[in-house]
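Residue numbers 90 to 368, in my numbering, belong to the letters of the sequence shown in order.
Every residue gets a Cβ at the ideal spot worked out from N, C-alpha and C, and that includes glycine.
Notes follow the structure.
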Amino acid sequence: MAKLIDGKLISSQIKDELKNKIENEGISATLAVIQVGNDPASTVYVGNKKKACEYIGIGSKSFELGDNTTEDELLALIDRLNDDEMINGILVQLPLPSHIDEKKIINRISPLKDVDGFHPWSVGNLCIGQEGFVSCTPAGIIELLKRSDIKIEGKECVVIGRSNIVGKPMALLLLANNGTVTVCHSKTKNLKDICKRADILVAAVGKPKMINSEYIKEGATVIDVGIHRMDDGKLCGDVDFDDVSPHAGAITPVPGGVGPMTIAMLMVNCVQAATRKER
Ligand code: NDP
């Protein structure tokens, strides 16, 4: 049976480390959290982010904007926050209503306050191995691997998914850690054969329980990024946990695997934003 990689535990360790750092070093940080509309899932995510801020001792300032907020109004708010010295990080909860161009909004956030790591500057820095903010979910996965003593160097790593927020930065981070990386997507041929080569398999495909034991090499580390709410109200991932875990060496559960790490790494980025500014 696979070793369970406990994201809940590791994320609380990271939050406790940050809480101590903030207390010991007297770091003062404030995150601006913008939500447009009242999508229930977004409201839960935003609430969890604010709770994490409170726990580690950083301030959060909420901007809850109506569904009918225009793109220009949102851009103007971001301009104000970019100029506000009291604000260290700016987070715009996605998705945005369809009349607002997400790309335009992300690009307007100052790269110095881009705690989600979505700005092209942040992505460019990651690509060329320069310091910068890294997208929280893939950064969290690297922490999960490191803190579970799973070596990346020299390993065959396969990432299923090439989104800008998960798949692509995940591949870049595994590469930066000396993994040999293959990225798969919806047009990939022989997906199962490629996945079966993986020592480390990251599933960010967005399809409930798609990855079963036929995709898994015996003893592989399996990281499940997917989150789906099933008809019975329970959560599941992109990986069929019950089928895969007897074959994997280590595996993340859903819930309690990658999900909690995303918020922990957002907190890491907020502290980084505050200390960078103080330098
Ligand atoms: P996207 O929908 O943006 O990307 C999915 C990727 O999977 C695409 O690159 C797509 O290929 C590829 N894909 C789709 N179907 C197949 C297939 N049959 N075979 C191979 N590849 C396929 O999703 P995200 O990257 O944003 O998220 C992925 C999952 O992770 C979702 O379930 C999401 O809810 C979850 N998530 C979880 C987070 C967390 O904190 N735990 C954070 C972010 C996301 P193509 O590019 O060709 O279309």
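Secondary structure of residue i, DSSP reduced to three states
| i | result |
| --- | --- |
| lysine 150 | strand |
| glycine 206 | coil |
| leucine 183 | coil |
| glycine 308 | coil |
| glycine 213 | helix |
| isoleucine 111 | helix |
| glycine 345 | coil |
| serine 100 | helix |
| isoleucine 241 | coil |
| aspartate 156 | coil |
| glutamate 220 | coil |
| threonine 277 | coil |
| asparagine 358 | helix |
Start-to-end residues for the beta strand (DSSP E) that takes in residue i
| i | result |
| --- | --- |
| isoleucine 289 | 289-292 |
| threonine 72 | Absent from the model: residue 72. The displayed extent of the chain is 90 to 368, so no value can be given. |
| alanine 121 | 119-125 |
| threonine 271 | 269-273 |
CA-to-CA distance, residue j to residue i, given in whole angstroms
| i | j | result |
| --- | --- | --- |
| glycine 155 | leucine 355 | 25 Å |
| leucine 215 | glutamine 182 | 22 Å |
| lysine 285 | lysine 296 | 18 Å |
| proline 344 | leucine 201 | 32 Å |
| glycine 115 | arginine 365 | 14 Å |
| isoleucine 231 | valine 294 | 18 Å |
| isoleucine 189 | leucine 164 | 10 Å |
| lysine 281 | serine 334 | 17 Å |
| asparagine 157 | isoleucine 289 | 44 Å |
| isoleucine 194 | leucine 166 | 10 Å |
| isoleucine 241 | glutamate 106 | 24 Å |
| glycine 315 | isoleucine 254 | 13 Å |
| serine 100 | valine 122 | 21 Å |
| alanine 339 | aspartate 172 | 45 Å |
| isoleucine 94 | valine 311 | 9 Å |
| aspartate 238 | isoleucine 198 | 35 Å |
| tryptophan 210 | leucine 98 | 32 Å |
| methionine 299 | lysine 235 | 26 Å |
| lysine 323 | aspartate 313 | 16 Å |
| isoleucine 283 | methionine 350 | 27 Å |
| alanine 363 | glutamate 160 | 28 Å |
| glycine 146 | threonine 119 | 9 Å |
| threonine 341 | methionine 259 | 16 Å |
| glycine 206 | asparagine 301 | 31 Å |
| lysine 370 | proline 186 | Lying outside 90 to 368, the shown extent of the chain, residue 370 is not represented and no answer is given. |
| glycine 243 | threonine 269 | 6 Å |
Run of the alpha helix (DSSP H) containing residue i, from where it starts to where it stops
| i | result |
| --- | --- |
| aspartate 226 | Rather than aspartate, the amino acid found at residue 226 in this sequence is threonine. Segment 225-236, the alpha helix (DSSP H) holding threonine 226. |
| valine 247 | Looking at the DSSP string, valine 247 is not in any alpha helix (DSSP H); the run it does join, the beta strand (DSSP E), is 245-249. |
| glycine 256 | 256-265 |
| aspartate 161 | 160-172 |
| leucine 280 | 280-284 |
| glutamate 191 | 191-197 |
Opposing strand residues paired with residue i [DSSP bridges]
| i | result |
| --- | --- |
| lysine 92 | Ala339 |
| valine 328 | Ile300 |
| histidine 317 | Cys325 |
| glycine 178 | Leu120 |
Residue-chain proximity (residue i, chain B), Cβ-Cβ < 9 Å
| i | result |
| --- | --- |
| threonine 226 | In the structure shown, chain B cannot be found, because there is only a single protein chain. |
ask   = Do the stretch 262-278 and the stretch 304-313 touch if we need at least three Cβ pairs shorter than 8 Å?
value = Contact between the stretch 262-278 and the stretch 304-313 is absent: fewer than 3 CB-CB pairs across the two stretches fall below 8 Å.
ask   = Looking at C-beta atoms only, is the number of pairs between the stretch 135-154 and the stretch 345-360 that lie closer than 8 Å three or more?
value = yes
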